[in-house]
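Structure, as structure tokens:
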Amino acid sequence: MNPSKNIQSIIPLLFLFLFLNPLVICQLDYSFYDNSCPNLSNIVKSSVTSAIAKETRMAASLLRLHFHDCIVNGCDGSVLLDDTSSVRGEKGAGANKNSARGFEIIDDIKANVEKTCPSTVSCTDILTLATRDAVFLSGGPYYYLPLGRRDGKTASLSAANEQIPSPVESLANITAKFTTKGLEGSDMVVLSGGHTIGFAQCFTFKNRLFNFEGSSKPDPSLDSSLLNNLQSQCPNQDSSDTNLAPLDPVTINKFDNVYYKNLITGSGLLQSDQALMKDSSTASLVNKYSKYPYLFSKDFGASMVKLASVGVLTGGEGEIRKNCRLVN
């Protein structure tokens, strides 16, 4: 990889984002920790590199954790909070319970950061940076992030249950969950490309294998060979609900555009993924990203910067948690 070429490709993207999001950029700063915690990026990258070396699946887990944080009332680190006697946190939501992972990685990074820069860096910024490094280390784009997010002081189980998109939800509903956060339908399509890495539990797509939409037959849009493989991995019994299947069985741990090629051949794992081919506007983007990997990489980085700026707390808002699992 040519670093100078990579930086040159990011510059136009950066100026476009500055133009479209002046308020967010005024609140956040690309050099926010340059003086207060100059070694932050190295600390985060070192921990993420080690975590992925131990388990490649952790890259997808961090990406998912970041998305589940930002899509619920904005990026405030609320997904990291444990339950308390007075607040039921987001870890118990349907989309997170027994599936959200990576909390211990964020804990480790926070502990290392606190040794060097006590009470300086928010857990939200740590999760945001860790996700960027996880994407890049998996072969995805390196995108530049303005920093200065602060941590929220509460979490909402009900908001998490309502706002995180479901794999069996309609395309219209999922799109609405993005647009209500200030994102666009195109962001939804490109961020769905994050499913190029990671796994899903069988219960999230088993309805497509046996009893699709109330029938006694599988989803007719599902590729027949993939159907046979999935039925063996996820037999029609409750004991298989937590079995795992790769979201992209072709290049499981590589961040690339094969996810979109899979959709074109009817090999999308989740119902919500394959639904992108049923609408002309989303299908058009799927086709573009399947043909042009550089376009996907560029747009994914841009949409991740937008996602990471949703509903952020800055200045005197929120706090800098000492422990990412607890408010101060």
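Quick note: the numbering used here has the sequence shown finishing at residue 1313, numbered continuously throughout.
Backbone N, C-alpha and C fix where the C-beta goes; we use that ideal spot for every residue, glycine too.
Keep in mind it's a predicted model, so treat the numbers as computed, not measured.
Tell me whether residue i sits in a helix, a strand or coil according to DSSP, three-state version.
| i | result |
| --- | --- |
| L1025 | helix |
| P1234 | coil |
| F1184 | strand |
| L1229 | strand |
| E1089 | helix |
| L1211 | helix |
| E1304 | strand |
| R1135 | strand |
| L1298 | strand |
| L1112 | helix |
| L1311 | strand |
| T1164 | helix |
| Y1127 | coil |
| D1241 | coil |
| S1206 | coil |
| D1068 | coil |
Apart from the five residues just before and just after residue i, which ones in its own chain have a Cβ nearer than 8 Å to its Cβ?
| i | result |
| --- | --- |
| L1248 | D1258, Q1259, L1261, M1262, V1271 and S1275 |
| D1067 | G1074, K1076, R1310 and L1311 |
| F1052 | L1176, G1179 and L1292 |
| T944 | Since the first residue shown for the chain is 986 and the last is 1313, residue 944 is missing from the structure and cannot be characterised. |
From the options, pick the residue whose C-alpha is nearest to that of residue i; which is it?
| i | options | result |
| --- | --- | --- |
| G1133 | G1062, T1034 and K1030 | G1062 |
| L1314 | V1312, L1048 and G1303 | The chain is shown from 986 up to 1313; residue 1314 falls before or after that span and cannot be answered. |
| F1184 | T1116, N1158, G1253 and N1146 | G1253 |
| S1070 | Y1018, N1058, L1255 and A1140 | A1140 |
| N1020 | I1090, T1101 and N1196 | T1101 |
| G1079 | K1239, L1142, F1281 and R1042 | L1142 |
| K1082 | N1146, G1059 and K1138 | N1146 |
| L1269 | K1246, L1255 and G1286 | For clarity, residue 1269 is Ser in the given sequence; the question names Leu instead. With distances taken between Cα atoms, S1269 lies closest to K1246. |
| F1195 | D1172, C1219, L1176 and S1210 | C1219 |
| F1044 | F1088, D1223 and C1055 | For clarity, residue 1044 is Ala in the given sequence; the question names Phe instead. Considering only alpha carbons, the answer is F1088. |
| Q1148 | L1156, T1165 and K1138 | T1165 |
| S1016 | G1059, Y1279 and V1106 | V1106 |
| A1157 | R1117, D1264 and L1168 | D1264 |
| G1124 | T1034, A1096 and P1150 | T1034 |
| T1041 | F1240, D1284, S1201 and S1288 | F1240 |
Excluding five sequence neighbours on each side, which residues of the same chain lie with their C-beta closer than 6 Å to the C-beta of residue i?
| i | result |
| --- | --- |
| Y1244 | G1178, H1180, T1181 and D1233 |
| L1001 | Note that L1001 has pLDDT 49, beneath the 50 cutoff, so the model's placement of it is unreliable and no number is given. |
| D1226 | C1187 and F1188 |
| T1160 | G1170 and M1173 |
| V1098 | I1028 and V1106 |
| L1212 | P1203 |
| N1221 | F1195 |
| Q1012 | T1299 |
Can you check DSSP and say which residues form a bridge with residue i?
| i | result |
| --- | --- |
| D1258 | D1258 is not bridged to any residue. |
| D1014 | L1132 |
| L1047 | DSSP lists no partner for L1047. |
Which same chain residues end up closer than 7 Å to residue i when comparing Cβ atoms and leaving out the 5 residues on each side of it in sequence?
| i | result |
| --- | --- |
| L1008 | At L1008, the pLDDT of 43 sits below 50, so the modelled position is not reliable; the number obtained from the coordinates is stated separately. Within the same chain, L1008 has no close Cβ partners at all. |
| I1091 | L1065, C1108, I1111, L1112, A1115 and C1309 |
| Q1216 | L1194 |
| D1208 | T1250, G1251 and S1252 |
| G1059 | V1295, G1296 and V1297 |
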